[in-house]
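One structure below.
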Amino acid sequence: MSKNSLLPSATLLDAVSAIEATEKRLAVVVSVDNGVLGTLTDGDIRRHILKGGALQASVSEAMNVSPVTASINTSDSALRKILAQHNIRSLPLVDENSKYVRTLHEMELDSEDKPALNKQVFSAAVIMAGGEGTRLMPLTENLPKPMIEIHGLPLLERQIRRLRNMGIILVYISVNYLSDVIRNYFGNGAKFGVEIRYLQESEKLGTAGALSLLPNIDDLKSVLVMNGDILTTSDFINLLHFHEDQQSEITISAVDYQIEIPYGVIKYDGTKVKGIEEKPSQQFFCNAGIYALSNKVLSKIPEDKFFNMTDLIERCLIDGDIVSVFPVHEYWSDIGTSTDLERTREEFKAYKI
């Protein structure tokens, strides 16, 4: 079997690995005789999670059972039309007996783009690094929170490395508290393989206000915004694809948070008991502090005023803009307290970021 093909007995965790194993971003579910049964994209899996599904579930619970396929002998021009007609980037190619041969990605059809299939990236990333980190005192007395080390490297450097590895080269850093520490460490970003520009807050502008300082916003088709105290292995390319597929103005990354109630919960109507559920759990999707923003949204941010991302989201909802949620199933940690920091340092040993 190929790297991105799976049998129906596979789990969605297996599908995640198959999708990430190649740059074609598609898992193909095949029968034992290699017939195409379905396909799975990263978006299919995340929509399954939003419905309350688990990654341990079978691929059959989330796969597209009517996938678009094409003959291995189909011409490039015809393949381009098929992809455009169905608004997809990849599809399985089959032989004359309808058996799976391989997966085709749209970039393969343009010879000049063959070396880099991950052509679509954010125009820029903005890291919000201006906070004081008061809950981490005294560690942050002389050090900005994003500069706290995680196994030998500042958290902010790990974020920048992650962005670079995802093809995002232009990085803006919003700075305020102890900004010289950040500026002196990173400079223009050249030695880190990126171009770094700084958004200097003269006063606290909230979690979105600093975006009003971005220059030449008309040149920014899409912007990744993330808090400076987050460590994650989330795939920003998949976030952008999801954002564009949903035709969203804002896409909010969200982490699954479950609360287990340690008692039996009584279900009742009036004074009559209808049942009792022993130690139920409730699932919530919580803001992960990572966002995809379209160009249109940037003009909604007031200049040099305190403005939170929640304010921007609310404004977009009032204006009728599409705001979507992107569930993060990868590693994610928010470093807000000393307890969070110690936990993250311990968990980090299992990840490469």
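Note that the sequence shown covers residues 1166 to 1518 in the working numbering.
In this text, a Cβ means the ideal position worked out from N, Cα and C, and glycines have one as well.
Keep in mind that this is a model prediction, so the values were computed, not measured.
Local Cβ density within 10 Å of residue i, reported as buried at 16 or more and exposed below that
i	result
E1277	Residue placement at E1277 is poorly supported in this model, since its pLDDT is 39, which falls under 50; the coordinates are not used for a value here.
S1263	exposed
A1281	At A1281 the pLDDT is 41, less than 50, meaning the model places this residue with poor confidence and gives no usable figure here.
K1398	Looking at the sequence shown, residue 1398 is not Lys but Thr. With fewer than 16 Cβ atoms within 10 Å of its Cβ, T1398 is classed as exposed.
M1293	buried
A1180	buried
C1451	exposed
M1302	exposed
E1414	buried
A1219	exposed
N1473	exposed
G1298	buried
S1498	buried
Bounding residues of the alpha helix (DSSP H) (the contiguous stretch that carries residue i)
i	result
S1182	1177 to 1186
I1210	1207 to 1215
N1460	1460 to 1463
A1243	1241 to 1251
Span of the beta strand (DSSP E), counted from its first residue to its last, around residue i
i	result
V1438	1437 to 1443
Q1221	Taken as a continuous stretch (DSSP letters only), Q1221 belongs to no beta strand (DSSP E), as it is neither H nor E.
A1192	1192 to 1195
Cα-Cα separation, residue i to residue j
i	j	result
N1169	V1193	6 Å
V1388	S1459	6 Å
S1503	V1438	44 Å
R1326	F1357	7 Å
K1432	P1445	12 Å
Q1447	S1236	46 Å
R1508	V1493	19 Å
I1402	H1270	15 Å
S1418	M1391	10 Å
K1279	I1247	With a pLDDT of only 40 at K1279, under the threshold of 50, the placement of this residue in the model should not be trusted, and no figure is reported.
N1283	G1332	Bear in mind that the predicted position of N1283 carries a pLDDT of just 45, short of 50, making it unreliable; the figure below should be weighed with that in mind. So the alpha carbons of these two residues sit roughly 8 Å apart.
D1241	M1272	11 Å
V1112	I1214	With the chain running from 1166 to 1518 in the structure shown, residue 1112 is simply not present.
Y1428	Y1422	19 Å
A1183	L1177	9 Å
G1217	E1425	15 Å
A1453	T1239	43 Å
Those residues which DSSP pairs with residue i across a bridge
i	result
M1391	I1292, I1455
S1263	Beta-bridge pairing links S1263 to no other residue.
P1257	T1268
P1301	The amino acid occupying residue 1301 in the given sequence is Leu; Pro does not appear at that position. According to DSSP, L1301 bridges with nothing at all.
Within the stretch 1399 to 1442, ranges of the beta strand (DSSP E) (whole runs, at least 3 residues):
1415 to 1425, 1429 to 1434
Considering only residues of the stretch 1475 to 1518, which uninterrupted beta strand (DSSP E) runs meet the minimum length of 3 residues and lie entirely inside it, listed in chain order?
1488 to 1493, 1497 to 1499
What residue ranges within the stretch 1305 to 1344 form continuous alpha helix (DSSP H) runs of no fewer than 4 residues, ordered along the chain?
1320 to 1330
What beta strand (DSSP E) runs, 3 residues minimum, are completely inside the stretch 1341 to 1386?
1360 to 1365
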